[in-house]
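Single-structure report; data block below.
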Amino acid sequence: MPSKQKRPRNEARRPVWAEVSLGALTHNLAAIRKYVNPPDEKRQAPRKILSIVKGNGYGHGGPQIAKALERAGSDWFGVTCTEEGIAVREAGTRKPILLLTGFVAGEEARLLRHDLTAVVHRCDQLPLLERAAARRGRTPASFHLKVDTGMNRLGIAPSDV
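Residue numbering for the sequence shown is 0 to 160, as defined by numbering that gives the first Met the number 0.
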C-alpha cells in the first residue's frame, strides 16, 4: 500500500487562491437589488433576483455562498444539476432552487423530494415530472419552460409550445 506523504506546496509554481468577502458579496447583492428595483419606480411587486451558485459557487462553496446570499435577501438560487441543488438545500437554504440545465430521467423523485424546480427543455421531460409529482401528491409540478429562441442548444421549439 503506498504511503500517504504530504507534499510541500510549491507556492512559487502556483500561487493562486481566492478570498471571498461575504460583506462584499452582500453589498453587491444590495446594489443589484437597488439597480433592478429603483426606489422611484412604481411597481406592484419588486423584481426578483436569482443568484447563480453553480459549480460549487464557481469553486467558492456553493452551499455556503447560498446561505449568505439568502440571509442578504436573494430570492432564488441557480445550480447546474440535481446533486448541486440537493447540496444547497441540505445546507439549509429554504428559498427556491432552479436546476438550470434541467434533469436526467430518473431524477424526478429526488428533485421533488428536495423541493427543487426543474427546467424542462425537452417535451419528453414534462410527463416524467408530472407523473413523479402525482405520485408525491404535488400536482401540478412547478417547472420553468426553456424555449429555444435561436441558439439551438437547449430548449423546446416555439412551435411545440
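Every residue, glycine too, gets a C-beta built ideally from N, C-alpha and C.
For clarity, every value in this text was computed on a predicted model and none was experimentally measured.
Cβ neighbour criterion (16 or more within 10 Å) applied to residue i
i    : result
V52  : buried
G149 : exposed
H120 : buried
R88  : buried
L144 : exposed
E161 : Past the edges of the chain, shown from 0 to 160, lies residue 161, and the structure says nothing about it.
A17  : exposed
L50  : Here residue 50 turns out to be Ser, not Leu, going by the sequence shown. Classification for S50: buried.
A30  : exposed
A131 : buried
A117 : buried
A44  : exposed
S73  : buried
A140 : buried
G154 : buried
G77  : buried
G61  : buried
Beta-bridge pairing of residue i - partner residues as DSSP gives them
i    : result
W75  : L49
T116 : L97
T26  : Looking at the sequence shown, residue 26 is not Thr but His. Looking at the DSSP assignment, H26 forms no beta bridge with any residue, so it has no partner.
L144 : V119
I155 : V146
Supposed close pair residue i, residue j - CB separation, criterion 8 Å
i    : j    : result
K66  : T92  : 6 Å
A104 : L128 : Not quite, the Cβ-Cβ distance comes to about 10 Å (not below 8 Å), so this is no contact.
G54  : T79  : 7 Å
K41  : W75  : About 24 Å; that fails the 8 Å criterion.
V19  : H59  : 5 Å
C-beta neighbour in chain D for residue i, strict 8 Å
i   : result
V52 : Considering every chain present, this structure includes no chain D. It has just one protein chain.
Pairing CB atoms from the region 79-88 with CB atoms from the region 35-48, are three or more of them under 8 Å? Flag = no, the region 79-88 and the region 35-48 do not touch.
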